[in-house]
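Protein sequence lines, in the order shown, are assigned to chains A and B. In this text, residue positions in the first sequence follow numbering that gives the first Met the number 0: the first is 0, and each later residue adds one. In this text, residue positions in the second sequence follow numbering that gives the first Met the number 0: the first is 0, and each later residue adds one.
There are 2 protein chains.
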Amino acid sequence: MEIKKVKRSEDYSAWYNNLVKNADLAEHSDVKGCMVIKPYGYAIWEKMQAELDRRFKETGHQNAYFPLFIPKSFFTKEASHVDGFAKECAVVTHYRLKVDEVTKEIVVDPDAKLEEELIVRPTSETIIWNTYRSWIQSYRDLPILINQWANVVRWEMRTRLFLRTTEFLWQEGHTAHATAEEAIIETKQMLDIYADFAENILAIPVIKGIKSANERFAGAVETYCIEGLMQDGKALQMGTSHFLGQNFAKAFDVKYVTRENVKEYVWATSWGVSTRLMGALIMSHSDDEGLVLPPRLAPIQVVIIPIFKKAEEKILVLEHANSYAGLLKKQGISVKVDDRDYQSPGFKFAEHELKGVPVRIAIGPRDVQNGTVEVARRDTKEKMIMDATDLEHKIPHLLEQIQINIYQRALDYRSEHLFTVDTWEEFLDALDNKTGFVSAHWDGTSETEENIKEKSKATIRCIPLNNHQEDGKCILTGKPSTQRVLFARAY
Amino acid sequence: MEIKKVKRSEDYSAWYNNLVKNADLAEHSDVKGCMVIKPYGYAIWEKMQAELDRRFKETGHQNAYFPLFIPKSFFTKEASHVDGFAKECAVVTHYRLKVDEVTKEIVVDPDAKLEEELIVRPTSETIIWNTYRSWIQSYRDLPILINQWANVVRWEMRTRLFLRTTEFLWQEGHTAHATAEEAIIETKQMLDIYADFAENILAIPVIKGIKSANERFAGAVETYCIEGLMQDGKALQMGTSHFLGQNFAKAFDVKYVTRENVKEYVWATSWGVSTRLMGALIMSHSDDEGLVLPPRLAPIQVVIIPIFKKAEEKILVLEHANSYAGLLKKQGISVKVDDRDYQSPGFKFAEHELKGVPVRIAIGPRDVQNGTVEVARRDTKEKMIMDATDLEHKIPHLLEQIQINIYQRALDYRSEHLFTVDTWEEFLDALDNKTGFVSAHWDGTSETEENIKEKSKATIRCIPLNNHQEDGKCILTGKPSTQRVLFARAY
């Protein structure tokens with residue numbers, strides 16, 4: 000393993016790319032824009048999936064699966080949706096290859112052209128609402144609370160592993176309700192679930208808010224979001240939950256008979272998070288030595304490294320290492336004893352540091368004699384000597400402490416990078432020199448939002464929920480404003 | 000719900016289609032050849048996934064994710080693979096749509112034509128072995144034991160829900176080994192895992208064997224399979240495990256340095272099962288009243304139906320129903336109290352029968368008085384009165400009994416439909432009149448196999464593992480044969 004290390008302060012972007020590669024999380028494939036998620040990266044994604052899936056099911060949602068392909072005509076049914084999604088996409092035009100009789104090469108068979116092209120789903124509102132039409136007749140069929148775990152494709156010219164790839168993995172919830180109120184409650188409930196997951200599992204503090212019209216999902220009435228702040232002061236949208244009104248019900252003619260025997264259009268929500276969260280996780284906590292993982296997501300929470308020289312030491316040390324591992328496993332902790340004999344302890348220390356294993360336990364012959372071990376925390380790099388008899392009750396506690404500390408560190412960082420400004424100069428200074436979220440007055444028009452974006456590269460990340468109302472002047476136009484909104488440069 | 004019931008004896012195929020639809024398992028989508036897996040069907044698939052995934056991980060495999068798209072040229076690298084897979088497939092030729100300036104319709108943008116077409120994966124050997132080339136240098140990088148849960152696409156003209164669809168869900172394992180021996184052991188291990196899963200979870204007895212050359216996976220040296228027998232006497236291939244030799248390593252130039260410092264090609268296996276297993280599950284156990292589910296796969300294992308007329312009865316009965324449900328949940332049983340007040344008990348009985356819930360508990364005011372409940376088994380339709388105090392320890396036991404009984408019934412059916420024949424007339428009689436597996440001598444040539452298939456529509460399902468060797472004469476050609484093989488008409 001040749002590891003080229005780049006410091007965050009030198010080149011944040013190169014640091015990120017190197018880390019993703021060196022920690023064995025993912026890599027670019029030979030298919031343009033598509034990534035390979037490697038086993039270690041995928042194991043973290045699986046832990047995210049399990050936590051989310053449990054929360055979805057606890058709130059009454061069920062999983063289902065809808066087709067990968069969407070007929071082109073479906074996209075034209077919801078006017079604003081088509082502009083947002085039917086542009087950069089993978090188009091299936093043929094269903095057969097054949098051997099060319101002259102060149103003997105494999106070519107697309109021109110006789111196998113589809114009558115109507117199929118789009119590889121960039122999101123599934125259209126195919127799902129086309130299906131819901133036959134599922135929904137009466138108020139008794141509502142609500143429908145469905146989630147799908149799937150791959151989606153949005154053609155991207157410039158890609159970054161996890162953050163922006165042509166194909167990515169995600170979940171997309173699609174619910175149908177009898178009333179607007181119920182759909183709005185659902186939209187907010189899912190936002191809360193995302194925020195809870197982000198803060199308690201990913202250990203990333205997030206700001207909940209709604210998007211401005213410019214940044215709204217194509218086809219939504221209102222888009223709610225959670226926004227996190229990365230260590231380079233740039234924001235990352237970590238999840239969205241959309242109140243879709245009756246837009247898709249009208250586009251696909253989905254009506255239900257009410258208790259009062261009246262036919263009405265159904266109300267909808269959709270909500271999703273993706274493998275992009277892997278990028279958020281990496282950029283929120285990791286350091287120049289590598290990945291830092293919150294214990295609740297770490298595929299390996301504790302690594303035990305035996306240290307020995309002579310053969311008889313090896314037997315003794317390994318015996319103790321395995322016995323401690325057994326004790327910790329009984330506490331529900333995932334433990335690995337790294338007993339590879341062709342790598343030095345120093346190599347192993349560096350590797351597990353790179354991979355973000357929260358706790359490292361080293362044990363040598365002298366430790367065995369003393370009944371102790373050396374315990375090292377990945378987050379603070381503190382080392383301590385611990386009595387082996389204390390492992391069982393102290394390690395679970397330590398893992399909890401690490402989870403809390405990682406969150407607190409990210410929260411402190413965000414608090415230090417949240418600026419309130421009143422002038423354009425202060426605004427640019429905050430973005431250019433301080434970096435982070437900038438709370439500022441805006442006159443509420445899309446035009447001004449566009450102008451601010453053009454001049455500063457910052458976008459409105461959200462209008463925070465329960466935002467304080469106060470009179471002020473737009474930082475760009477000086478026009479009156481009733482509230483501050485949150486700007487940032489973003490991924 | 001209008002339910003059109005068809006008996007198996009009348010029209011097996013219509014019975015199957017009706018059942019899949021009426022039990023809410025899946026339906027055809029408006030995208031040709033693609034299905035929608037509905038929540039109830041998907042919940043069963045999730046249970047299958049969890050059981051398989053656990054077995055894969057216990058044997059050292061890790062999950063990962065590789066791209067959906069495969070460049071066309073990758074398929075041409077392994078000569079026999081291209082014939083098998085690069086024919087009927089979805090071809091992505093463009094990456095953008097646009098609004099036509101004249102018609103204002105959405106059309107494929109001719110300027111966004113891909114230089115090289117992308118194939119939506121029908122199976123991932125090529126993209127994965129292209130990736131393994133950079134992952135494998137030394138014997139220390141081996142074995143690689145990876146599995147992927149994914150969707151795949153094989154263009155089908157005639158589709159059946161679950162059994163044959165253009166898009167389906169599956170898992171595909173792809174492993175790399177230093178020696179042929181190790182790869183063969185892996186191939187057989189995965190076959191054993193599939194067989195264990197089929198018998199102990201799906202409750203379907205299977206025959207393990209190897210495929211004849213004609214039926215071998217395109218690119219494999221040897222294909223191992225498990226074959227089940229459906230209630231109409233047709234066989235269904237339920238899973239395959241392939242020893243790929245060095246074919247893909249050579250095609251994608253994947254070599255490793257041995258302990259002896261020599262460069263050698265890597266040995267490979269691949270293995271998979273798909274949502275086809277849902278079809279096997281349905282066709283093995285279900286009856287004219289609907290689905291019959293083995294308890295280990297049932298999303299709802301026990302349904303409790305409260306029966307009452309007056310309002311005060313309702314309170315009393317529901318209170319008891321919920322309390323019994325709580326007791327059973329503590330035993331790890333998944334229980335649903337069906338307290339819908341707009342459906343009659345009779346309707347509920349029929350619905351849960353249709354959906355294959357293994358145990359139904361009915362409770363009315365008199366039961367409350369007597370401290371009893373009525374317990375009905377879905378598999379045998381037996382009813383019994385049970386003391387409520389016995390529920391806690393008797394129901395888990397009953398669920399186990401049902402699991403065993405369903406398996407035994409399928410095993411008995413298969414035993415009664417496994418025929419040994421020595422002449423062509425007996426062979427046709429067994430296929431046409433008795434239906435099932437037919438064990439017969441075959442001269443070992445692909446030509447004869449083809450002729451038998453043409454004349455009888457039966458194929459060689461497998462050469463059973465550890466097959467008895469005996470001299471005989473081929474049923475078609477009369478040429479000498481050293482062993483019987485297993486024929487059947489198949490899905």
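All residues carry an ideal CB built from backbone N, CA and C; glycine is no exception. Note that the coordinates shown come from a computational prediction; the quantities given were computed from them, not determined experimentally.
Interface flag, residue i vs chain B, CB-CB below 8 Å
i	result
residue 93/A	yes
residue 0/A	Only weak support is given to the placement of residue 0/A: the predicted model assigns it a pLDDT of 47, under 50, and the value that follows is read from those uncertain coordinates. Cβ-Cβ to chain B under 8 Å: no for residue 0/A.
residue 224/A	no
residue 247/A	no
residue 492/A	For residue 492/A there is no data in the structure shown, the boundaries of chain A being 0 and 490.
residue 81/A	yes
residue 441/A	no
residue 152/A	yes
residue 347/A	no
residue 124/A	no
residue 20/A	no
Residue of the options minimising C-alpha distance to residue i
i	options	result
residue 89/B	210/A, 115/A, 354/A and 457/A	115/A
residue 259/B	227/B, 138/B and 192/B	138/B
residue 464/B	286/B, 226/B and 378/B	226/B
residue 378/A	91/A, 365/A and 292/A	292/A
residue 215/B	243/B, 36/B and 6/B	243/B
residue 157/B	109/B, 352/B, 87/B and 453/B	87/B
residue 184/B	405/B, 205/B, 163/B and 142/B	142/B
residue 160/A	46/A, 172/A, 295/A and 15/A	15/A
residue 332/B	314/B, 386/B, 363/B and 399/B	399/B
residue 8/B	176/B, 287/B and 447/B	287/B
residue 341/A	439/A, 438/A, 6/A and 308/A	308/A
residue 193/A	220/A, 53/A and 374/A	53/A
residue 264/A	343/A, 128/A and 198/A	128/A
residue 196/A	314/A, 50/A, 63/A and 176/A	50/A
residue 311/B	382/B, 203/B, 367/B and 96/B	367/B
Supposed close pair residue i, residue j - CB separation, criterion 8 Å
i	j	result
residue 330/B	residue 391/B	6 Å
residue 281/A	residue 290/A	7 Å
residue 489/B	residue 230/B	Not quite, the Cβ-Cβ distance comes to about 14 Å (not below 8 Å), so this is no contact.
residue 228/A	residue 355/A	Residue 228/A to residue 355/A, Cβ: 20 Å. No contact.
residue 324/A	residue 334/A	5 Å
residue 172/B	residue 266/B	At roughly 14 Å, the Cβ-Cβ gap does not stay under 8 Å, so residue 172/B and residue 266/B are not in contact.
DSSP bridge partner residues for residue i (one or two, in chain order)
i	result
residue 208/A	224/A and 463/A
residue 385/A	372/A
residue 105/A	98/A
residue 483/A	440/A
residue 255/A	263/A
Closer than 8 Å to chain A by CB, residue i
i	result
residue 38/B	yes
residue 379/B	no
residue 503/B	Since the first and last residues shown for chain B are 0 and 490, residue 503/B lies out of range.
residue 398/B	no
residue 291/B	no
Within chain A, the residues that residue i reaches when beta carbons sit closer than 8 Å
i	result
residue 41/B	61, 62, 63 and 64
residue 299/B	Correct list: empty, because the minimum Cβ distance to chain A is about 12 Å.
Residue i: contacting residues in chain B (beta-carbon distance under 9 Å)
i	result
residue 75/A	104 and 105
Under 8 Å by beta carbon: chain B residues contacting residue i
i	result
residue 33/A	66, 67 and 68
residue 86/A	95, 96 and 97
residue 117/A	30 and 89
residue 166/A	66, 67 and 68
residue 341/A	139
Partners in chain B for residue i, counting only beta-carbon separations shorter than 7 Å
i	result
residue 129/A	29
Chain-ordered neighbours of residue i on chain A, where CB pairs are closer than 9 Å
i	result
residue 433/B	What residue 433/B touches in chain A: nothing, since even the nearest Cβ is about 38 Å away.
residue 200/B	Neighbours of residue 200/B on chain A: none; closest Cβ ~19 Å, over 9 Å.
Proximal residues of chain A, C-beta to C-beta of residue i below 7 Å
i	result
residue 169/B	Those within 7 Å of residue 169/B in chain A number zero; the least Cβ separation is about 12 Å.
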